[in-house]
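FYI, the numbering for the sequence shown is 27 to 138, going by the working numbering. Below: one structure, written as structure tokens.
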Amino acid sequence: GFKVGLISNRSRPLDDTLEKIGLTGLFDLALAAGEVGWYKPDPRVFEWGLRLLQVEAAQAIYVGDNYHADVLGARGAGMTPVLIDPKGVYQQVDCLVIPRVSALCSMLLPSP
27 GFKVGLISNR SRPLDDTLEK IGLTGLFDLA LAAGEVGWYK PDPRVFEWGL
77 RLLQVEAAQA IYVGDNYHAD VLGARGAGMT PVLIDPKGVY QQVDCLVIPR
127 VSALCSMLLP SP
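Below, the structure is given as structure tokens:
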């Protein structure tokens, strides 16, 4: 199976927000960068999340919608970055670009 983590550049824990939007319990880790003092794109926040999940960077995919914070930060930590670009703005980037998260799910999960 997969472990699913969330890293946000928020300063406060994410529990209340996840509960409000109905995502409680969907993540193995929900980390607010302010809890550790490093903000994306600092690779240390990604490395901290990997440590908490007990996952090696080479085995991890990081999905985000901000090239600078998410793609560069994840790559700096040794992860494979994937950029969500629903409007097709990023034509010339050096990573996998998907229109929505469900596109990645269909790539990773076996067909029925």
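Every residue, glycine too, gets a C-beta built ideally from N, C-alpha and C. Note that the structure is a prediction, hence the values are computed from the model and not measured.
At a Cβ-Cβ threshold of 9 Å, residue 56 and residue 40 count as neighbours. One thing to note: residue 60 has its Cβ within 9 Å of the Cβ of residue 35.
In the three-state reduction of the DSSP assignment, residue 50 falls in the coil class. Per DSSP, residue 135 is not a residue of any alpha helix (DSSP H), being assigned neither H nor E. By the criterion of at least three beta-carbon pairs nearer than 8 Å, the stretch 84 to 92 is in contact with the stretch 105 to 114. Classified as buried, residue 99 has 16 or more neighbouring CB atoms from the shown chains inside 10 Å of its CB. Within the same chain, 99, 102, 103 come within 7 Å of residue 69 by CB-CB distance, once the 5 residues on both sides are set aside. Secondary structure of residue 69 (DSSP, three-state): helix. C-alpha of residue 130 to C-alpha of residue 64: approximately 27 Å in a straight line.
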